[in-house]
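The structure under discussion appears below in the form of structure tokens.
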Amino acid sequence: MSILVRPPKRKLYETDHDDGPRKHAAGLASWQIIRSQSSSRRSSEQPDPHSDSFTRHTTPRELHSNRGSPVLFDNGPLQTPRKFTPKASVVLIGIRGTGKSSLAVILAAASGRRLIDADRYFQQMVGCSRAMFKKDNDHAVYRQQEARVFESMLADNQEGCVIACGAGSMERSGQRLLREYAQTHPVVHITRDPESVQSYLKAWDTQKVRHFLELSGPIYRGCSNLEFFNLSEAPAATSTSSSEQEAKDGHDPSPGPKWDQRPQTATPFLTLKRVQRDFLSFIAFVTGDTTEMRRQHASFPLSLIPVETRRYTSAISVPFSALCERDLDIEDLEFTVDAFELVIDVTSPPDQMGADSNLADSISQMAATIRRNIIVPLVYHVESYIIPRGSSSPIPNSRITDETYLNLVRHGLRLGPSFLTVDLSRDDHILSQIISSRGTTKIIGHFEAYQPLPGGWDGDEYMKVYERAKRLGCNVVRLCQPAESIQDGAALQRFRHRIESFPVSSLPLIAYNTGPLGRRSRCFNPTLTPVTHPSLIHESPTLLRPSITAREAQQALFSSFTLDPMQFFVFGANVEYSMSPAMHNTAFKKCGMPHQYTIFQSSTLRGLNNLVENQFFGGSSVSLPYKTEVIPLLHSMSPHARAIGAVNTLIPIRNNDDADPHLSHESSIYIEKCRAGPIKGIHGDNTDWIGICNCIRRGLSPANAVRPTTTGLVIGSGGMARAAVYSLIHLGVENIFVYNRTLANAEKLAHHYNRQELFSSDESRAGGRPRVSTLSSASDPWPAAYKQPTIIVSGIPAHSIGGQPAPNFNVPTQWLESPTGGVVVDLAYKPLNTPLMKQIRALSHRGWVALDGLDVLPEQGFAQFELFTGRRAPRRLMRTIVLQEYKNEEGHDDPSAIQDRLQHLDGQPT
């Protein structure tokens, strides 16, 4: 797929990208093509990169404007520790058309970094543009001037900047400077698929662009320590209106942000929205920005606790070759697992392998495609042996060379995976090179035996491997061997007990037996058990690759009484029409959990005693009017619930003796899950704010990224309005206004937050303390000292209550004058198409995006599911159930809108 891409110097909202489907993009070169063509292309097609013919052949004005093409002057691998100071400037490099300028704008807007553009910097330093200087001077003088300016740009902007480099930086001196800069700063190579680059350039054909990318890849990789594949993104309309046809033809019919124009779409995907999320998450992780990472993870409670410290977690193991050759639904592969392992499998002889430019591009694109569709950590694993299709063991003497292995693993580190495995059968000097360059990536020391070692699990050999991994600096150890008898399972348990009995803290251990007799040990391995997916079952399993699914592993834990079936409830005074039971029960069944979620309606708070006395009580949702009344009965509360002053989730506290004292108490995930017994206390949490926060993120365009001047507006003053204000604070909004028909109630809400020491999530920005103010009348103009709101949340009902007529609220037009539009979240969904939603959808041409209560409900439900079970929520499934339940209710107002949502459904993270 290809689509028009705007020039990078345009404003962010004028920059369009294209977007492949959620499944793996069909344009990715297949594994067979890479295998068969890589060596022949190197021998027959590739010119000498140092020759003049190379420069003449690859100097299109469209790719590098009026500058010469980069030439690789230093072939040596760039070794950097990838450890950076918190404020270290970020450098983006790449050929034209990869989107580095747009990504630089996105990062600067979201992080508060100062944007440095190489072309503008040159003009500021020299006093004229590059083109003018080059016109008035010969080539040698121009190159000398460009080198001096580039050196000054890097030297003068060491901290707090994002620097977008031009092609001139890739001259000999520029490459040297970038390599030096990369020792202490993130230098990110931005790459992209040839179709999107060609569509941007409107020059050459795709094959020539592909060839240029292949040649330039090693040059840019030689000067960078990180790599980001910019997956393209585009609106996907169901009809072709005149404006949409203009967009397809390359014309932009309106200056505002673009989003999906599907009729009645509740959560439109804005142009660059997912690119923004992917890139900001990538930068936060590789730079070690813990504040930003915690802000992103707060919406998914399980992410607050390191996956290797939780019990009975699983990792889906997916071969790279299968992803290339088949149209696999990545989101479906991720279903309920705790990590996604990308297995770089070698299926060709070693002399045909290596991390050549095409293969590196394909791996980068695949990793980016996976990240686009998951919220769990990515594990990068390179198989050391060639395992033919249809075989369960490797080819004899087929271990790939150290050089090939290092190339593939080093490339994986450039992509910033959460985890990367190292083959413990290789020499220390090989592993030390990898581990010393890991940056923020955690290392899994991996050792697989195709034949049991002497003494098996009861011998000393595996203990030596474990100790070696610890000495080398691994974060986790993974050991496996084939099971030859049922007794091997008991021996494995004895080995695990030996590790756990160490007087000092031990590394997390992944240990299991392989082969048919090893399936039981996989089920009861407590940490990141490798699992497969039904769509991959037909692949002949190797000794490493798993033969059980995540659902089968879960069922084994319950059927063996390792875990207990629990009972969950929705507790309130009027909850008989709640959609939560259908949503959670369907998810439980699909995940292989024998839990039950039922309605518990009570006219008094005393009904809660009946739940707590139940030894199988697993948790409860709390509805009106008990969200605040229940607080005095709690033994602990999350900081979120305490700040909001309301609770919508109850978690039983049973046995906390084994909890890690170093774990944060911002989440109750450390409390033991799915184990029955007497209850010692009740923990309270709030996920309403998560539902609101995720919907705001989902609908807020990159043009409206939260800045210190951003303004938010909350309509109402009840419990959901409290959660909405907290969501804005969490997002970093410092200027918050509350409007309510009764001004005194709005002032109480404002006072509730202003008296707390709550700060915005971005501590690096000036100020940082949010301020909540009130608006006294809907007829008043917007306060002149503040920007127009770009985030609006309505927490007032849209139906009649107690005989009172429906409010029929609309936002005053003088409060909707944001030049870039914004997002409006209406928490009501009965009726679905409220007057407010009609008003905002009519303003879509001005950049306004409307989301309703059916978007919020499943989002907060995902977080509750994680708090209840300690397992990842099946997001797409739970969204489907909510929409189907609403559709099946009698008298709802817009069946076509529900049907359209069901047709365009996904479980995308926000």
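Counting in full-length UniProt numbering, the sequence shown tops out at residue 910, every number present. Even for Gly, the Cβ is constructed at its ideal location relative to N, Cα and C. If you're wondering where the values come from, they're calculated on a predicted model, not measured in any experiment.
Per DSSP, residue i forms a beta bridge with which residues?
{"i": "ILE682", "result": "PRO652"}
{"i": "GLY712", "result": "ILE736 and ILE791"}
{"i": "MET637", "result": "GLY684"}
{"i": "HIS189", "result": "ILE93 and GLU227"}
{"i": "LYS442", "result": "PHE419"}
{"i": "CYS695", "result": "Its beta-bridge partners do not exist; DSSP assigns none."}
{"i": "ASP117", "result": "ALA164"}
{"i": "PRO530", "result": "ALA315"}
{"i": "ILE106", "result": "Per DSSP, none; premise fails for ILE106."}
{"i": "ILE344", "result": "VAL382"}
If you measure between the beta carbons of residue i and residue j, is that distance less than 8 Å?
{"i": "THR80", "j": "ASN225", "result": "yes"}
{"i": "ARG871", "j": "CYS591", "result": "yes"}
{"i": "HIS189", "j": "ARG221", "result": "yes"}
{"i": "GLU576", "j": "ILE599", "result": "yes"}
{"i": "ILE781", "j": "GLN814", "result": "According to the sequence displayed, residue 781 carries Pro and not Ile. Closer than 8 Å, so yes."}
{"i": "GLY681", "j": "VAL622", "result": "no"}
{"i": "SER620", "j": "VAL570", "result": "yes"}
{"i": "LYS787", "j": "THR880", "result": "no"}
{"i": "PHE419", "j": "THR440", "result": "no"}
{"i": "VAL811", "j": "CYS695", "result": "no"}
{"i": "ASP278", "j": "ARG414", "result": "no"}
{"i": "ALA705", "j": "ALA110", "result": "yes"}
{"i": "PRO191", "j": "PHE150", "result": "For the record, residue 191 in the displayed sequence is Thr; it is not Pro. No, they are not a contact pair."}
Can you grab the Cα-Cα spacing for the pair residue i / residue j, in whole Å?
{"i": "ARG698", "j": "LEU867", "result": "22 Å"}
{"i": "ILE219", "j": "LEU905", "result": "41 Å"}
{"i": "LEU902", "j": "ARG496", "result": "46 Å"}
{"i": "ALA182", "j": "LEU213", "result": "22 Å"}
{"i": "PHE617", "j": "HIS595", "result": "10 Å"}
{"i": "ARG42", "j": "ALA863", "result": "The pLDDT assigned to ARG42 is 35, lower than 50, so where the model puts this residue is not dependable; a value taken from the coordinates is nonetheless given after this. So the two alpha carbons sit approximately 50 Å from each other."}
{"i": "PHE561", "j": "SER436", "result": "43 Å"}
{"i": "ASP423", "j": "TYR466", "result": "12 Å"}
{"i": "HIS297", "j": "SER303", "result": "5 Å"}
{"i": "LEU342", "j": "HIS752", "result": "47 Å"}
{"i": "THR687", "j": "TYR450", "result": "47 Å"}
{"i": "LYS273", "j": "THR421", "result": "31 Å"}
{"i": "LEU883", "j": "PRO377", "result": "29 Å"}
{"i": "CYS474", "j": "LEU431", "result": "10 Å"}
{"i": "LYS838", "j": "THR291", "result": "37 Å"}
{"i": "MET583", "j": "GLU859", "result": "11 Å"}
{"i": "TYR869", "j": "ARG494", "result": "Before going on, a small fix: residue 869 reads as Thr here, not Tyr. Straight-line Cα distance between these residues: approximately 28 Å."}
{"i": "LEU507", "j": "ALA491", "result": "19 Å"}
{"i": "ALA550", "j": "ARG130", "result": "57 Å"}
{"i": "PRO255", "j": "LEU78", "result": "At PRO255, the pLDDT of 34 sits below 50, so the modelled position is not reliable; the number obtained from the coordinates is stated separately. Cα-Cα distance, rounded: 42 Å."}
{"i": "GLU169", "j": "GLN175", "result": "Before going on, a small fix: residue 169 reads as Ser here, not Glu. Distance between the alpha carbons of SER169 and GLN175: 7 Å."}
Exposed or buried, what is residue i when buried is set at 16 or more other beta-carbons lying within 10 Å of its beta-carbon?
{"i": "HIS411", "result": "buried"}
{"i": "GLN487", "result": "exposed"}
{"i": "ALA746", "result": "buried"}
{"i": "ASP138", "result": "exposed"}
{"i": "CYS674", "result": "buried"}
{"i": "GLY455", "result": "exposed"}
{"i": "ASN808", "result": "exposed"}
{"i": "GLN554", "result": "buried"}
{"i": "PRO632", "result": "exposed"}
{"i": "GLN144", "result": "exposed"}
{"i": "ASN574", "result": "exposed"}
{"i": "VAL793", "result": "buried"}
{"i": "ASP327", "result": "exposed"}
{"i": "SER760", "result": "Note that SER760 has pLDDT 48, beneath the 50 cutoff, so the model's placement of it is unreliable and no number is given."}
Please identify the residue among the options whose C-alpha is closest to the C-alpha of residue i.
{"i": "ILE729", "options": "ILE316, LEU857, GLY518 and HIS640", "result": "HIS640"}
{"i": "SER232", "options": "HIS211, LEU215 and TYR200", "result": "TYR200"}
{"i": "GLU159", "options": "GLY821, ASP356 and THR184", "result": "THR184"}
{"i": "THR820", "options": "SER535, PRO534, LEU843 and VAL570", "result": "LEU843"}
{"i": "ILE537", "options": "ALA322, THR709, THR313 and ILE444", "result": "ALA322"}
{"i": "ASN614", "options": "ASP564, PRO678 and ALA118", "result": "PRO678"}
{"i": "ASP329", "options": "PRO534, SER727 and TYR121", "result": "PRO534"}
{"i": "TYR405", "options": "ARG414, ALA367, MET463 and VAL346", "result": "VAL346"}
{"i": "ARG876", "options": "GLY822, PHE335 and ARG642", "result": "PHE335"}
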